[in-house]
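First residue of the sequence shown? That's 1 in UniProt numbering, and the numbers climb one at a time after it.
Data first, discussion second: the structure below is written as structure tokens.
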Amino acid sequence: MNRKIMINAIARWPKLTATFLILALWDFATPYVSVYYSDKADGELSYTWITDNRIKRGGIGPGGATGDSGHLFQKKNFFMYFQWWDNAGIRGCVNIDPQWPETTIFIDANGRMDLNAKGATDVKRFSPCPDDEEFDFLGVPKPAAL
Numbered sequence: 001m002n003r004k005i006m007i008n009a010i011a012r013w014p015k016l017t018a019t020f021l022i023l024a025l026w027d028f029a030t031p032y033v034s035v036y037y038s039d040k041a042d043g044e045l046s047y048t049w050i051t052d053n054r055i056k057r058g059g060i061g062p063g064g065a066t067g068d069s070g071h072l073f074q075k076k077n078f079f080m081y082f083q084w085w086d087n088a089g090i091r092g093c094v095n096i097d098p099q100w101p102e103t104t105i106f107i108d109a110n111g112r113m114d115l116n117a118k119g120a121t122d123v124k125r126f127s128p129c130p131d132d133e134e135f136d137f138l139g140v141p142k143p144a145a146l
């Protein structure tokens, strides 16, 4: 019975069906970036996503995650930054070049990008944020200038 209803709906509303399929494929084809925060961390991290003309702010608790989508058709000047910090001095910023289907970042308990052999963080997709002179893009303080 349900199959018959579906076939009738598709036959009666082909434009609606086509629109739905296009939107579903568009959502599936858009690259996504996920950030996971270690469950061994002590406190919450605040974050800001800056993607072209879109800004999103929030917080991640220990063991939590956040994410944002890139653009399906990225222009030459496309940018996506992820900044994170807490009240204890943890701070980092990374410029991300999202890759389909997903780019993943793991932040360890110290607030640094997790780069161990088991980690799935793909460092080739990242570069330092512009104008972030105090910290490098892994969340590590830069050495003082001599």
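Idealized CB from N, CA, C, for every residue including glycine.
Do residue j and residue i have their beta-carbon atoms positioned less than 8 angstroms apart in this structure?
{"i": "A109", "j": "K40", "result": "yes"}
{"i": "T17", "j": "I10", "result": "yes"}
{"i": "P98", "j": "G67", "result": "no"}
{"i": "S46", "j": "G59", "result": "yes"}
{"i": "I90", "j": "G61", "result": "no"}
In angstroms, rounded to a whole number, what distance separates the CA positions of residue i and residue j?
{"i": "V33", "j": "F79", "result": "13 angstroms"}
{"i": "T104", "j": "I96", "result": "10 angstroms"}
{"i": "G92", "j": "R54", "result": "19 angstroms"}
{"i": "W85", "j": "V94", "result": "12 angstroms"}
{"i": "D114", "j": "K76", "result": "29 angstroms"}
{"i": "K124", "j": "Y81", "result": "15 angstroms"}
{"i": "E44", "j": "P130", "result": "25 angstroms"}
{"i": "A24", "j": "S127", "result": "31 angstroms"}
{"i": "R12", "j": "I5", "result": "10 angstroms"}
{"i": "K15", "j": "R3", "result": "19 angstroms"}
To which residues of the same chain is residue i closer than 6 angstroms at the C-beta, ignoring the five residues directly before and after it?
{"i": "residue 147", "result": "No statement about residue 147 is possible, as the shown extent of the chain runs from 1 to 146 and does not include it."}
{"i": "A145", "result": "Its pLDDT being 46, under 50, A145 is placed unreliably by the model, and nothing is read from it."}
{"i": "I50", "result": "Y81"}
Within the same chain, show all residues whose beta-carbon is closer than 8 angstroms to that of residue i, passing over the 5 residues directly before and after it, in chain order.
{"i": "F20", "result": "none"}
{"i": "A65", "result": "S34, V35, Y36 and Y37"}
Figure out for me which residue from the options has the closest Cα to the Cα of residue i.
{"i": "F106", "options": "Y37, L25 and I10", "result": "Y37"}
{"i": "E102", "options": "R3, P14 and A29", "result": "A29"}
{"i": "Q74", "options": "C93, V94, G61 and D52", "result": "D52"}
{"i": "W100", "options": "L23, I22, L72 and M113", "result": "L72"}
So, at 7 angstroms on beta carbons, what are the nonlocal neighbours of residue i in its own chain, with the 5 sequence-adjacent residues on each side left out?
{"i": "P143", "result": "Note that P143 scores a pLDDT of 48, beneath 50, so its modelled location is shaky; the value from the coordinates is reported in the next line. Taken in chain order, the list of residues that qualify is empty."}
According to DSSP, is residue i helix, strand or coil?
{"i": "L72", "result": "coil"}
{"i": "F78", "result": "coil"}
{"i": "N95", "result": "strand"}
{"i": "K56", "result": "strand"}
{"i": "P128", "result": "strand"}
{"i": "A18", "result": "helix"}
{"i": "L45", "result": "strand"}
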